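K.L.:
2 protein chains.
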Amino acid sequence: MGRQRFSASCRSLVVVGVTLASVPGTTIGLDAQSLKDLQTPDTPLVLKAQGSFFVGGEKVEQTKGELGDLGPGGHITVNQMYVRYMVPQGGDGNVPVVMVHGATLTGKSWETTPDGRMGWDEYFVRKGHPVYVPDQVGRGRSGFNQAVFNDARAGSVTPANLPRWLRFSDEVVWPNFRIGPEPGHPFPDSQFPVAALDELAKQGVPDVSFGGLPTPNPTFKALSDLATQLNGAVLMGHSQSGSFPLEAALLNPAAAKALVLVEPGRCPDTYTAGQIKTLATIPILVVFGDHRDTPTGISIRPSWQLSFESCQTLIGRIKEAGGHAEMLSPADRGIHGNSHMIMQDKNNLQIADLILQWIEERVTKRGNK
Amino acid sequence: MGRQRFSASCRSLVVVGVTLASVPGTTIGLDAQSLKDLQTPDTPLVLKAQGSFFVGGEKVEQTKGELGDLGPGGHITVNQMYVRYMVPQGGDGNVPVVMVHGATLTGKSWETTPDGRMGWDEYFVRKGHPVYVPDQVGRGRSGFNQAVFNDARAGSVTPANLPRWLRFSDEVVWPNFRIGPEPGHPFPDSQFPVAALDELAKQGVPDVSFGGLPTPNPTFKALSDLATQLNGAVLMGHSQSGSFPLEAALLNPAAAKALVLVEPGRCPDTYTAGQIKTLATIPILVVFGDHRDTPTGISIRPSWQLSFESCQTLIGRIKEAGGHAEMLSPADRGIHGNSHMIMQDKNNLQIADLILQWIEERVTKRGNK
Numbered sequence: 012m013g014r015q016r017f018s019a020s021c022r023s024l025v026v027v028g029v030t031l032a033s034v035p036g037t038t039i040g041l042d043a044q045s046l047k048d049l050q051t052p053d054t055p056l057v058l059k060a061q062g063s064f065f066v067g068g069e070k071v072e073q074t075k076g077e078l079g080d081l082g083p084g085g086h087i088t089v090n091q092m093y094v095r096y097m098v099p100q101g102g103d104g105n106v107p108v109v110m111v112h113g114a115t116l117t118g119k120s121w122e123t124t125p126d127g128r129m130g131w132d133e134y135f136v137r138k139g140h141p142v143y144v145p146d147q148v149g150r151g152r153s154g155f156n157q158a159v160f161n162d163a164r165a166g167s168v169t170p171a172n173l174p175r176w177l178r179f180s181d182e183v184v185w186p187n188f189r190i191g192p193e194p195g196h197p198f199p200d201s202q203f204p205v206a207a208l209d210e211l212a213k214q215g216v217p218d219v220s221f222g223g224l225p226t227p228n229p230t231f232k233a234l235s236d237l238a239t240q241l242n243g244a245v246l247m248g249h250s251q252s253g254s255f256p257l258e259a260a261l262l263n264p265a266a267a268k269a270l271v272l273v274e275p276g277r278c279p280d281t282y283t284a285g286q287i288k289t290l291a292t293i294p295i296l297v298v299f300g301d302h303r304d305t306p307t308g309i310s311i312r313p314s315w316q317l318s319f320e321s322c323q324t325l326i327g328r329i330k331e332a333g334g335h336a337e338m339l340s341p342a343d344r345g346i347h348g349n350s351h352m353i354m355q356d357k358n359n360l361q362i363a364d365l366i367l368q369w370i371e372e373r374v375t376k377r378g379n380k
Numbered sequence: 012m013g014r015q016r017f018s019a020s021c022r023s024l025v026v027v028g029v030t031l032a033s034v035p036g037t038t039i040g041l042d043a044q045s046l047k048d049l050q051t052p053d054t055p056l057v058l059k060a061q062g063s064f065f066v067g068g069e070k071v072e073q074t075k076g077e078l079g080d081l082g083p084g085g086h087i088t089v090n091q092m093y094v095r096y097m098v099p100q101g102g103d104g105n106v107p108v109v110m111v112h113g114a115t116l117t118g119k120s121w122e123t124t125p126d127g128r129m130g131w132d133e134y135f136v137r138k139g140h141p142v143y144v145p146d147q148v149g150r151g152r153s154g155f156n157q158a159v160f161n162d163a164r165a166g167s168v169t170p171a172n173l174p175r176w177l178r179f180s181d182e183v184v185w186p187n188f189r190i191g192p193e194p195g196h197p198f199p200d201s202q203f204p205v206a207a208l209d210e211l212a213k214q215g216v217p218d219v220s221f222g223g224l225p226t227p228n229p230t231f232k233a234l235s236d237l238a239t240q241l242n243g244a245v246l247m248g249h250s251q252s253g254s255f256p257l258e259a260a261l262l263n264p265a266a267a268k269a270l271v272l273v274e275p276g277r278c279p280d281t282y283t284a285g286q287i288k289t290l291a292t293i294p295i296l297v298v299f300g301d302h303r304d305t306p307t308g309i310s311i312r313p314s315w316q317l318s319f320e321s322c323q324t325l326i327g328r329i330k331e332a333g334g335h336a337e338m339l340s341p342a343d344r345g346i347h348g349n350s351h352m353i354m355q356d357k358n359n360l361q362i363a364d365l366i367l368q369w370i371e372e373r374v375t376k377r378g379n380k
């Protein structure tokens, strides 16, 4: 389309930098990202199939009040997982890749970047892989179970017992997503498209998964079921969901062709020897960006270096058990400045190529597809 | 992919019919829609571009508690509108179509049908139109403003003042979406893929728009802004959003190339003579399915025939003002059994063809693209 050109906008950042400092407490209208910021690839995308579907879900009965009081009580479905997919023409035989997003985000993480460049979803498809992008249970198009909030409204649930809704402020995103050490001050070598930071802010949605979901998180089983239905898939998680591929793989190891853990919030230290033995049968890649020592401003995880180290420990345990787990730290290869949102960084396709090369070597070449 | 075949499943319905009647009050695990139910078209889909972006949004400052208590207070963006798009190769010059979903639903409405057939989003693209599918502000990947719920949790908002979250029960969907007069009893001529009704149930998400959004609904302006950025578009709404194209068109009539109102909850009777004069400059098509006399079981709209009649009245006013507004009632053409979810009915592409033909005549042939 004529209005979509290779012209990343640099307007948004200026607006943010000024407004955050000058008019706190007010509501500020934001310019929409103009369609003209969206970049059109040089060659068409040829898809054998695309669309969406759901995995999982449970039927529950709720009262009139729990359903919002506009109709009678009855049954609804909760805990289902929405999945959008694209299958490239000629890509049937290649291993599918499932990409799961992090906290306060949705599957949008993997789509068009904040500055209008191609996301990993399309790039992996163009490299021949069917790609499946879910919204975690409880968020986005997967919905959530609203009953407890309507119950609080009606007085039958104590408000203090409501689950919290989490969102990260722009001020927290700067150090926590490692755009820069503090708001308005990007790292000189930052790979994040800082001018489009307001577009990242729009990707935020309320996240009820800190106390408002069943245990274990239904997304674990949904991911495992999806991989099973696909007759095997590479499971890729990010941040909050960075460890989800491990949990899904433990439910059905045969369906997990490989695991890619992108900037996991933590790598679990609680796995038994038996679980480690299972994980040692699956190729695992952990990916971490740069500037991990930056203080996050969040008490529960003072720095991402701690997350990195927890994954190094897990990698060590898996290797001791004879497995193939490894760390990809682009900074160690001279690629500096990658942020927590590495799939949206300016060099996102360079990082994708490193992951694709690993999948080629660890999965495709071994006939494990 | 080998696992995606033309084999619509008939298993889900049986499960629902039995479980609703036999084990009320229990939680019932649902089988996922198997990937094998997804149908693969005979020819590839060739896209010049695809991806997603946001329209609108406001920056607001919130407290630590309002943001979920895991970090300090600060600014977030709310009231933005997520939009996914596909542009067909060679379709740049054709008028774009924006498809907006109804209450308790998301943009998923227009994607793959519950029984795995092609949705209107892909079909309109295959017919040459760029297609843009938003999630309404407050739902799905557009997120919502969570502050008031966290405030209630902290005790600073009275629970009775919380906005309600609406979902429709399966029992309400049967008559309200006109699948059949009561649960488990489809109309003999129903066009809805009844065997896949549980997959429609999974499309439901909590809807805060009945009292929990700013006034006017931010989606009106976001739709108008989107149409403006597109240099003109056909705006299509459904059910709750059936009247949204009218509201968006009144904000910028020049950008509204045509309006398609699919099963509007109501057509407004409050427009001034000046507003009607403006709407008379835009081609308008209203689409209604069959069995409109079915009692819905919802007090605020006892039957869809009342909605139909409100639109006949609006059409009359616009025609009196010299405009081109018309009703498409497939039943009047001998096409019987269409439901409220007409874009998902078994004959959904037949209905789409009627709308595409109207767009061709009212927009394309008149050079108004």
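Sequence order for the protein chains is A and B.
This note's numbering applies: residue 12 is where the first sequence begins, and numbers increase by one.
This note's numbering applies: residue 12 is where the second sequence begins, and numbers increase by one.
Each residue gets a CB set at the ideal place from its N, CA and C atoms; glycine is no exception.
These numbers were taken from a predicted model, which means no experiment stands behind them.
#1: At a CB-CB cut-off below 7 Å, which residues of chain B make contact with residue 113/A?
#2: For a cutoff of 8 Å on Cβ pairs, would you count residue 226/A as touching chain B?
#3: For chain B, is any of its Cβ atoms less than 8 Å away from the one on residue 311/A?
#4: List the residues that DSSP assigns as beta-bridge partners of residue 218/A.
#5: Could you name each continuous beta strand (DSSP E) segment of 3 residues or more that falls completely within the segment 288–341 of chain B, going from the start of the chain to the end?
#6: Per DSSP, what kind of secondary structure is residue 98/B in: helix, strand or coil?
#7: Do we get a CB-CB distance below 8 Å when we pair residue 363/B with the residues of chain A?
#8: By the criterion of Cβ-Cβ separation under 9 Å, what are the contact partners of residue 230/B in chain C?
#9: Note the first and the last residue of the continuous beta strand (DSSP E) segment covering residue 268/B.
#10: Apart from the five residues on each side of it in sequence, which residues of its chain come closer than 6 Å, Cβ to Cβ, to residue 57/A?
#11: CA-CA distance, residue 109/B and residue 286/B?
#12: Residues in the same chain with beta-carbon distance under 8 Å from residue 59/B, minus the five sequence neighbours each way, listed in chain order, please.
#13: For residue 350/A, which residues of its own chain have a beta-carbon under 7 Å away from its beta-carbon, when the five flanking residues on both sides are left out?
#14: Hey, would you say residue 385/A sits closer than 8 Å to residue 136/A, going by beta carbons?
#15: Output the residue ranges of the beta strand (DSSP E) runs that lie fully inside the segment 83–148 of chain B and measure 3 residues or longer, sorted by chain position.
#16: For chain A, is any of its Cβ atoms less than 8 Å away from the one on residue 213/B?
#17: Counting pairs of beta carbons, one from the segment 85–94 of chain A and one from the segment 154–161 of chain A, are three or more of them closer than 8 Å?
#18: Checking 8 Å against the spacing of the C-beta atoms, do residue 76/A and residue 133/B come in under that value?
#19: Can you confirm whether the segment 281–298 of chain B touches the segment 333–342 of chain B when touching is taken to mean that 3 or more C-beta pairs between the two stretches lie within less than 8 Å?
#20: Using CA atoms only, rank isn't needed, just tell me which of 112/A, 358/A, 178/A and 305/A is closest to residue 197/A.
#21: For residue 51/A, which of 124/A, 168/A and 79/A has the nearest alpha-carbon?
#22: Taking the continuous alpha helix (DSSP H) assigned at residue 61/A, which residues delimit it?
#23: State yes or no: is the beta carbon of residue 251/A nearer than 8 Å to at least one beta carbon in chain B?
#24: Going along chain A, which residues have a C-beta under 7 Å from residue 176/B?
#25: What span of residues does the alpha helix (DSSP H) with residue 234/A cover, start to end?
#26: Return the chain-ordered list of same chain residues with a C-beta closer than 6 Å to the C-beta of residue 182/B, the five sequence neighbours on each side being excluded.
#27: Taking the alpha helix (DSSP H) that residue 260/B falls in, what are its first and last residues?
#28: Using beta carbons (cut-off 8 Å, strictly below), is residue 329/A in contact with chain B?
#29: With DSSP as the reference, identify every bridge partner of residue 382/B, one or two as the case may be.
#30: With a cut-off of 8 Å on the beta carbons, I'd call residue 364/B and residue 321/B a contact; round off their distance for me.
#31: Quick one: give me the first and last residue of the alpha helix (DSSP H) that residue 5/A is part of.
#32: For the segment 281–292 of chain A, list every residue whose C-beta sits within 7 Å of some C-beta in chain B, in sequence order.
#33: List, in order along the chain, the chain A residues whose C-beta lies closer than 8 Å to that of residue 55/B?
#34: Per DSSP, what kind of secondary structure is residue 193/B in: helix, strand or coil?
#35: Going by Cα to Cα distance, which pick from 78/B, 229/B and 216/B is closest to residue 163/B?
#36: What is the residue span of the alpha helix (DSSP H) that residue 10/A lies within?
P.N.:
Once the coordinates are examined:
#1: The residue given as residue 113/A occupies position 102 in the first sequence. In chain order: nothing, as chain B lies at least about 14 Å away.
#2: Within the first sequence, residue 226/A is the residue found at index 215, counting from 1. Among the CB atoms of chain B, none fall inside 8 Å of the CB of residue 226/A.
#3: By 1-based counting over the first sequence, the position of residue 311/A is 300. Output row for residue 311/A: interface = yes.
#4: The residue you call residue 218/A lines up with position 207 of the first sequence. Answer is 177/A, bridged to residue 218/A.
#5: The segment 288–341 of chain B contains these whole beta strand (DSSP E) runs: 295–298 and 336–339.
#6: Within the second sequence, numbered from 1, the residue matching residue 98/B stands at position 87. In this structure, DSSP gives residue 98/B an extended state, which the three-state scheme calls strand.
#7: Stepping through the second sequence from its first residue, residue 363/B is reached at position 352. Not one chain A Cβ lies under 8 Å of residue 363/B.
#8: Here chain C cannot be found, since the structure's protein chains are A and B.
#9: Here residue 268/B corresponds to residue number 257 of the second sequence, with the count starting at 1. For residue 268/B, the enclosing beta strand (DSSP E) covers residues 267–273.
#10: Position 46 of the first sequence, counting from 1, holds the residue named residue 57/A. Non-local beta-carbon contacts of residue 57/A in its own chain, meaning distances under 6 Å to residues more than five positions away in sequence, involve 100 in chain order.
#11: Position 98 of the second sequence holds residue 109/B. Position 275 of the second sequence holds residue 286/B. The straight-line gap from Cα to Cα measures roughly 22 Å.
#12: Mapped onto the second sequence, residue 59/B falls at position 48. Cβ neighbours of residue 59/B beyond the five flanking positions: 98, 99, 100, 101, 102 and 103.
#13: On the first sequence, position 339 is the one that residue 350/A refers to. Excluding residues within five positions, the ones whose Cβ falls inside 7 Å are 188, 189, 190, 201, 202, 203, 300 and 356.
#14: This structure gives no information on residue 385/A, because the portion of chain A shown stretches from 12 to 380.
#15: Counting only runs of at least 3 residues, the segment 83–148 of chain B fully encloses the following beta strand (DSSP E) elements, listed from N- to C-terminal order: 85–99, 108–110 and 142–145.
#16: To locate residue 213/B, count along the second sequence from 1; it is residue 202. Yes, because at least one Cβ of chain A sits closer than 8 Å to the Cβ of residue 213/B.
#17: Under the Cβ criterion (8 Å, minimum of three pairs), the segment 85–94 of chain A counts as touching the segment 154–161 of chain A.
#18: Within the first sequence, numbered from 1, the residue matching residue 76/A stands at position 65. Within the second sequence, numbered from 1, the residue matching residue 133/B stands at position 122. No, the pair does not count as a contact, with Cβ atoms beyond the cut-off.
#19: Contact between the segment 333–342 of chain B and the segment 281–298 of chain B is established, with three or more Cβ pairs separated by less than 8 Å.
#20: One-based indexing of the first sequence puts residue 197/A at position 186. Taking only the C-alpha atoms, the option nearest residue 197/A is 305/A.
#21: On the first sequence, position 40 is the one that residue 51/A refers to. Per the Cα distances, 124/A.
#22: Counted from its first residue, the first sequence places residue 61/A at position 50. No alpha helix (DSSP H) contains residue 61/A, which is instead part of the beta strand (DSSP E) from 56–73.
#23: Mapped onto the first sequence, residue 251/A falls at position 240. It does not; no Cβ of chain B falls within 8 Å.
#24: The residue labelled residue 176/B in the question sits at position 165 within the second sequence. Here the neighbours are 79, 157, 160 and 161.
#25: Indexing the first sequence from 1 puts residue 234/A at position 223. Note, residue 234/A: alpha helix (DSSP H), 229–240.
#26: If you number the second sequence from 1, residue 182/B lands on position 171. The beta carbon of residue 182/B sits closer than 6 Å to those of 194, all from its chain and outside the five residues before and after it, given in chain order.
#27: As a first step, residue 260/B is located in the second sequence; it is residue number 249 there, counting from the start. Residues 255–262.
#28: Your numbering for residue 329/A matches position 318 in the first sequence. Interface with chain B (8 Å Cβ-Cβ cutoff): residue 329/A is excluded.
#29: Here chain B covers residues 12 to 380 and nothing more, so residue 382/B does not appear.
#30: Numbered from 1 along the second sequence, position 353 holds the residue referred to as residue 364/B. Numbered from 1 along the second sequence, position 310 holds the residue referred to as residue 321/B. The C-beta separation of residue 364/B from residue 321/B comes to about 27 Å, leaving the pair out of contact by the 8 Å criterion.
#31: Residue 5/A lies beyond the range of chain A shown here (12 to 380); nothing can be said about it.
#32: Residues passing the 7 Å Cβ filter: none.
#33: Against the second sequence, residue 55/B aligns to sequence position 44. Here the neighbours are 57, 58, 59 and 100.
#34: Looking up residue 193/B in the second sequence gives position 182. Residue state, collapsed to three classes: strand.
#35: For the purposes of this step, residue 163/B is taken as the residue at position 152 of the second sequence. Sorting 78/B, 229/B and 216/B by C-alpha distance to the C-alpha of residue 163/B places 78/B at the top.
#36: Residue 10/A is absent from the structure shown; chain A starts at 12 and stops at 380.
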